[in-house]
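Going by UniProt numbering, the first residue of the sequence shown is number 1, and it counts up by one from there.
Ideal placement from N, C-alpha and C gives every residue a C-beta, glycine not left out.
Computed from a predicted model, the values in this text were never measured in an experiment.
First comes the structure, then the notes that go with it.
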Amino acid sequence: MNDFPSIFNEFSEARRNGFIRVKELKNKGHNVVGVFCTYTPMEIIYASGAYPVGLCGMSDEAIPDAEKHLPKNLCPLIKSSYGFAVSEKCPYTYFSDLLIGETTCDGKKKMYEYLGEIKPMHVMHLPQGADREHAVKVWKDEMIHLKEVLEKKFNVEITDEKLRESIKARNKERELLREFYSLGKLNPPAIKGRDMYKVLEGTGFTFDKEEQNQRIRAMIDDIKAKYDAEGSAISKEDKRILVTGCPIGGVMDKVIGTIEENGGVVVCFENCGGVKEKARLVDETKDPYDALAEKYINIPCSVMCNNNGRLELLDSLIDEYQIDGVIDITLQACHTYNLEVKRVKDYVTTVKNTPCMGLETDYSQSDIGQIKTRIAAFIEML
Ligand code: BJ8
1 MNDFPSIFNE
11 FSEARRNGFI
21 RVKELKNKGH
31 NVVGVFCTYT
41 PMEIIYASGA
51 YPVGLCGMSD
61 EAIPDAEKHL
71 PKNLCPLIKS
81 SYGFAVSEKC
91 PYTYFSDLLI
101 GETTCDGKKK
111 MYEYLGEIKP
121 MHVMHLPQGA
131 DREHAVKVWK
141 DEMIHLKEVL
151 EKKFNVEITD
161 EKLRESIKAR
171 NKERELLREF
181 YSLGKLNPPA
191 IKGRDMYKVL
201 EGTGFTFDKE
211 EQNQRIRAMI
221 DDIKAKYDAE
231 GSAISKEDKR
241 ILVTGCPIGG
251 VMDKVIGTIE
261 ENGGVVVCFE
271 NCGGVKEKAR
281 LVDETKDPYD
291 ALAEKYINIP
301 CSVMCNNNGR
311 LELLDSLIDE
321 YQIDGVIDIT
331 LQACHTYNLE
341 VKRVKDYVTT
351 VKNTPCMGLE
361 TDYSQSDIGQ
371 IKTRIAAFIE
381 ML
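Okay, structure coming up:
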């Protein structure tokens with residue numbers, strides 16, 4: 001039987017060790033594409049032969065560098081991402097041949113204009129809603145435009161065959177990760193949310209996908225076998241928490257750690273990095289660009305108007321994961337998620353009869369005491 005904590009840690013080390021792997025890829029003549037968002041159609045990047053890597057900043061280390069150019073009252077994820085790029089403190093950004101962003105929130109899309117002065121940058125124009133037929137057409141055209149940009153940049157041809165192969169490979173990875181995070185459906189869950197997140201996050205910095213999939217397959221089988229033989233190390237009394245809202249890479253320890261040290265266990269991450277991107281596969285039977293446009297435009301992020309898909313997803317997840325309480329995390333100055341807090345809270349408490357708490361925070365440690373008090377009180381009340 002495997003040693004789970006060390007396997008989980010290996011995944012969380014992937015980000016740090018990935019620096020060396022990226023350098024090796026560059027030395028071997030491969031292209032690297034830096035990305036910032038779940039809307040990026042990774043399949044097209046893979047079909048160009050390049051390796052995508054996530055560049056969203058997850059610590060406050062480079063925020064002072066960003067604040068030399070950007071306003072202070074901006075989302076920490078945007079400031080951190082820009083700060084790492086402008087200060088050349090992030091090797092992933094440094095080694096990227098091209099950066100791809102999307103017109104999501106105002107802060108990100110305007111930050112991309114500055115990033116474009118540092119590195120080659122392509123911004124995809126994301127429609128602002130998924131419920132109109134022409135929006136899907138516009139998004140499909142943007143996919144085709146991205147294909148042309150990558151072909152020109154890397155002097156390659158992206159054939160439909162290559163694209164279909166990468167769609168299949170990504171779907172396979174998604175299905176495996178869905179099986180992995182579904183371990184949270186067990187009651188009590190088989191693993192803690194912090195460990196689950198380490199693995200999910202680590203996959204964004206693992207470049208050999210075949211090897212990654214084999215490791216995850218073996219890990220799922222081992223965890224299930226251990227659970228069947230010995231039960232779970234997690235108490236059935238722990239309150240089952242669903243986390244939704246902004247990406248949480250930069251507030252992982254502060255928020256998820258605090259939940260799990262105060263009688264809760266995070267069994268489901270609805271946000272980016274968790275279920276949001278993986279809930280829906282790309283249809284392998286359709287024209288690949290139609291299928292990619294349909295899949296990606298339906299990601300239920302708060303930048304969309306309307307974003308009813310988020311409530312639909314939360315509705316089913318609360319049932320499937322037997323949720324005791326929902327915590328909706330907003331990064332400071334993220335207006336779109338902040339504005340959705342009321343809608344989420346109203347829906348979750350009235351329709352699903354489940355307690356819900358909104359939590360606003362940033363990448364600093366200054367509010368840690370207040371966060372602890374609020375989370376402990378919320379869990380106590382469940
Ligand atoms: S699909 S969540 S990765 S946009 S937290 S930068 S929205 S101000 S990160 Fe996001 Fe794509 Fe949506 Fe996901 Fe702006 Fe809000 Fe900051 Fe955000």
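Checking the DSSP bridge columns, you'll see ILE329 partnered with GLY245 and LEU359. The distance from the Cβ of ALA85 to that of LEU115 is about 6 Å, consistent with a contact at the 8 Å cut-off. In this structure, the C-beta of CYS305 stays at least 7 Å away from each heavy atom of the ligand BJ8. When the beta-carbon positions are compared, PRO300 and LYS278 stay at least 8 Å from each other. Nearest Cα to SER166 within the set ALA291, PRO189 and VAL243: ALA291. Apart from sequence neighbours up to five positions away, the residues of its chain that approach GLY264 with a beta-carbon distance below 7 Å are ASP238, LYS239, ILE241 and ILE379, ordered along the chain. VAL351 counts as exposed, since fewer than 16 other beta carbons sit within 10 angstroms of its beta carbon.
Annotated three-state conformation of GLY264 is strand, per DSSP. Per DSSP, the unbroken alpha helix (DSSP H) holding TYR82 starts and ends at 76-86. Judged by beta-carbon spacing, GLY257 lies within the 8 Å limit of ARG194, meaning their Cβ atoms are closer than that value. For PRO91, the three-state secondary structure derived from DSSP is helix. The Cβ neighbour count for SER302, taken over all protein chains shown within 10 Å, is at least 16; the residue is labelled buried. Between the C-alpha atoms of VAL33 and ALA377 there is a straight-line separation of about 43 Å.
Within the same chain, Cβ atoms closer than 7 Å to the Cβ of ASP60 are found at PRO76, SER80, TYR363 and SER364, the five residues on either side in sequence being excluded. What you get when you keep residues with a C-beta closer than 6 Å to any heavy atom of the ligand BJ8 is CYS37, THR38, TYR39, CYS75, LEU77, ILE78, THR104, CYS105, GLY107, LYS108, CYS246, PRO247, CYS272, ILE299, CYS301, VAL303, LEU331, CYS334, THR336 and TYR337. For the options VAL22, LYS108, THR38 and ILE118, the alpha carbon positioned closest to that of PHE95 is the one of VAL22. With fewer than 16 other Cβ atoms inside 10 Å of its own Cβ, CYS305 counts as exposed. For VAL348, there is no enclosing alpha helix (DSSP H), since its DSSP letter is neither H nor E. Here PRO189 is buried: its Cβ has 16 or more other Cβ atoms, across all protein chains shown, within 10 Å. Here TYR227 has LEU186 and ALA190 as same chain residues with Cβ atoms under 7 Å from its own Cβ, once five neighbours each way along the sequence are excluded.
Counting C-beta pairs with one atom in each stretch, the region 322-333 and the region 15-30 have fewer than three that are closer than 8 Å, which means they do not touch. For the 8 Å CB-CB criterion, ARG164 and LEU281 do not form a contact.
A direct Cα-Cα distance of roughly 8 Å separates LYS345 from PRO355. Here VAL123 carries a strand assignment [DSSP, helix/strand/coil]. LYS198 sits in a helix when the DSSP states are folded into three classes. Distance check between GLU13 and each of MET124, ILE220, VAL199 and ALA293 places VAL199 closest, using alpha-carbon atoms only. By the Cβ rule, the region 41-48 counts as touching the region 142-153, because three or more pairs are nearer than 8 Å. Counting only residues of its own chain and dropping the five nearest sequence neighbours on each side, ALA293 has a CB closer than 6 Å to the CB of VAL136, TRP139, LYS140 and MET143. In the three-state reduction of the DSSP assignment, LEU70 falls in the coil class. Taking a 10 Å sphere around the C-beta of ARG178, we find fewer than 16 other C-beta atoms and assign the residue as exposed. Taking C-beta atoms as the reference points, CYS246 and THR330 count as a pair closer than 8 Å. The three-state reading of DSSP puts GLU157 in coil, since its state is none of H, G, I, E or B. With contacts defined as CB atoms closer than 8 Å, VAL255 and LEU359 qualify as a contacting pair. When C-alpha distances from HIS335 are compared across ASP253, ILE78 and LEU25, the shortest belongs to ILE78.
Going by DSSP, VAL275 is part of the alpha helix (DSSP H) stretching over 275-278. Under the DSSP assignment, GLU102 falls in the beta strand (DSSP E) whose first and last residues are 98-102.
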